[in-house]
Amino acid sequence: MKSVSKFFSALIVDHDVHMREYLIQSLSKQFVLLEAVATIEEAEQLRQRCHFDVIIMEVNLPQRSGLDWTEVFEGAVPRADIIYLSSQHNIQQSIKALQLGAADFILKPFTLDVLNTSIERCLSKRIVRRQHLTLNETITYDQPSVITGQSHAIKSIQRLLEQVAPTQVSTLIEGESGTGKELVAKQLHVLSGRTGEFVPINCGSIAAHLLESELFGHEIGAFAGAEHRKKGLFETAHKGTLFLDEIGEMPLNMQSALLKVLEDRKIKPVGYDGEIDVDVRVVAATNRKLEDDVEAGQFRSDLYYLLNVINITLPPLRERPEDIVALTHSFTNEIALELGLNDIVWSHGDLEALKQYHWPGNIRELRNIISRCILLGKLPADYWQLNTPAPEPVVAGYPLEWSAKAVEKEHILKVVESVGGNKSIAAKQLGLSRKTLERKYKDWFE
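In terms of UniProt numbering, the sequence shown is residues 1 to 446.
Structure follows, in structure tokens:
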């Protein structure tokens, strides 16, 4: 089966334990959430707590026929797609199932291919519907969520963005990983009115020997393998904005080349004899202390001052807990619309749990957790207990005398331990890049 189902959920209702086990084993890798129960009563309890896209149900259940569970066809859209299974060749059953609105009626024994085809047909229609909703419904949260909030810090950033957006000056955005630096850069571009593209590049993810060609482009034959002319990102961003993320990772030789471009407003593609004029606003970002890198000789001071004409420092989420509720509502609405779900409302307890958490991964981690809670049908207040092996909750689970850095270190180490030491998985759960996680380990243990 194609990967179409990886963002969907399914419920199996069958009194035959062997059939339930077979379906769980066969479908578990295809759904983000897969539950199996024996009775309609159990299924209805689950349906009240979780969202299911597909329900695979035996018709001939002992206590109550699957065809009598009419509640599953009622309520607000989007309802689950129902696939009935039956060991009886009963034409009246199949007719009634289709009249109720079932997506399919499959006779036992069946092959897994037959079931997968039916599931894929259901989910393909749901994808089209989600895309339709996303494209056609009025979206009231079209501004990046990172600048959502009532904290003094966020209000100051909002005012600063409005003031500096119309100018052409370079801007440096500083902040921890996950604080939303790229979203702020995008908002700066939107407010600027520049007609060109917003072009992002992560300076730490491009090999040093390829970075020059990536930024400035190259001509045919400029080096071995250069069979076609390549337009660089500066040229692509002409009349627009170039976002240089993780600028602190840029090699010194490329820092010199970037400095020259910022001063002259001209680029020289690799293998090109002349120069090309470019009108590009440069916005750079870093999660490092560039001033320390300047003092250590790892970053050019003249480039630092040229980039840092306007400085925007994004506070970590733990320093603005009053914004967590607004961000949570914004992310919840955004994700619900993407999935084509009805309005989702969190309880006071859920919101309090979110406010008490330390958020080492900042708003990226918050969005990831809200997304998982919605997809998995879990509550934020239960999230940490469900996802960490330790019996004590992570929320407010550290001594009061600990510093913020000590709490961050302990939390990250616990997450890494909980996934068996796999730093790639841990980084994803934390909302950090693998490179940032490795740097933290280096700072702690070397």
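Glycine residues also receive a C-beta, built at the ideal position from the N, C-alpha and C atoms.
Using C-beta distances below 6 Å, list every residue in its chain close to residue i, excluding the 5 sequence neighbours before and after it, in chain order.
| i | result |
| --- | --- |
| K230 | G217 and H218 |
| E408 | P360 |
| T148 | A326, L327 and S330 |
| S267 | It is Ile, not Ser, that sits at residue 267 in the sequence shown. Cβ neighbours of I267 beyond the five flanking positions: F216, F234, V261, I276 and V278. |
| N202 | D245 and E246 |
| D81 | V54, A103 and C122 |
| L135 | For L135, the predicted structure reports a pLDDT of 45, less than 50, and the residue's modelled location is therefore unreliable. The matter cannot be settled from this model. |
| G101 | F73 |
| R318 | H358 and W359 |
| A285 | I173, K181 and D245 |
Assign residue i to buried or exposed, taking buried as 16 or more other Cβ atoms, counted over all protein chains shown, within 10 Å of its Cβ.
| i | result |
| --- | --- |
| V280 | buried |
| E246 | buried |
| L11 | buried |
| F445 | exposed |
| Q163 | exposed |
| G297 | exposed |
| G274 | exposed |
| A208 | exposed |
| R265 | exposed |
| P269 | buried |
| S86 | buried |
| I324 | buried |
| Q30 | buried |
| I91 | exposed |
By Cβ distance, which residues of its chain are closer than 7 Å to residue i, with the 5 residues on each side in sequence left out?
| i | result |
| --- | --- |
| L115 | I106 |
| R434 | K423, S424 and A427 |
| L290 | G248, F299 and Y304 |
| residue 467 | Absent from the model: residue 467. The displayed extent of the chain is 1 to 446, so no value can be given. |
| L379 | D350 and C373 |
| D293 | G248 and F299 |
| Q93 | V59, L67 and S86 |
Below 8 Å CB to CB, which residues in the same chain sit around residue i once its five sequence neighbours on both sides are set aside?
| i | result |
| --- | --- |
| N422 | V416 |
| V419 | I425, A426 and Q429 |
| I220 | A226, E227, H228, R229 and G271 |
| G240 | H189, R194, T195, G196, E197, F198, V199, V280 and R281 |
| G397 | In this predicted model, G397 has a pLDDT of only 45, less than 50, meaning its place in the structure is not dependable enough to derive any value. |
| I157 | I147, V184, I312 and L314 |
| S65 | V59 |
Give the DSSP-derived three-state secondary structure of residue i in the structure shown.
| i | result |
| --- | --- |
| D14 | coil |
| D277 | strand |
| I312 | strand |
| V416 | helix |
| Y267 | Residue identity check: residue 267 is Ile in the sequence provided, not Tyr. In the structure shown, I267 sits in a strand (DSSP, three-state: E or B). |
| A285 | strand |
| T332 | helix |
| V261 | helix |
| P321 | helix |
| I147 | helix |
| H348 | helix |
| K442 | helix |
| K409 | helix |
| Y304 | helix |
| L379 | coil |
Could you confirm whether any beta carbon from chain B is found closer than 8 Å to the beta carbon of residue i?
| i | result |
| --- | --- |
| Q99 | Here chain B cannot be found, since the structure has a single protein chain. |
Note down the Cα distance separating residue i from residue j, rounded to an integer number of angstroms.
| i | j | result |
| --- | --- | --- |
| Q356 | H238 | 44 Å |
| S26 | A36 | 12 Å |
| A153 | T313 | 9 Å |
| I119 | Q63 | 26 Å |
| I206 | K442 | 21 Å |
| L67 | A97 | 7 Å |
| S170 | L244 | 11 Å |
| T117 | I83 | 11 Å |
| P316 | E176 | 6 Å |
| G204 | V345 | 39 Å |
| A76 | I40 | Confidence is the limiting factor: at A76 the pLDDT is only 48, short of 50, which leaves the residue's position unreliable, though a coordinate-based value still follows. When rounded, the distance between both Cα atoms is 20 Å. |
| I370 | R20 | 29 Å |
| R159 | A165 | 10 Å |
| N308 | I363 | 24 Å |
| N287 | K440 | 12 Å |
| L375 | I95 | 33 Å |
| L306 | M254 | 15 Å |
| A381 | L354 | 7 Å |
| H411 | N368 | 17 Å |
| Q48 | S347 | 15 Å |
| Y22 | V32 | 17 Å |
### Query
Unbroken beta strand (DSSP E) runs of length 3 or more, entirely within the region 164 to 249: which are they?
Counting only runs of 3 or more, we get 171 to 174, 198 to 202 and 241 to 245.
### Message
Going residue by residue through the UniProt domain "Response regulatory" (9 to 123), where are the continuous alpha helix (DSSP H) segments of at least 4 residues, counting only ones entirely within it?
### Response
DSSP runs (the alpha helix (DSSP H)) wholly in the UniProt domain "Response regulatory" (9 to 123): 17 to 27, 40 to 49 and 91 to 100.
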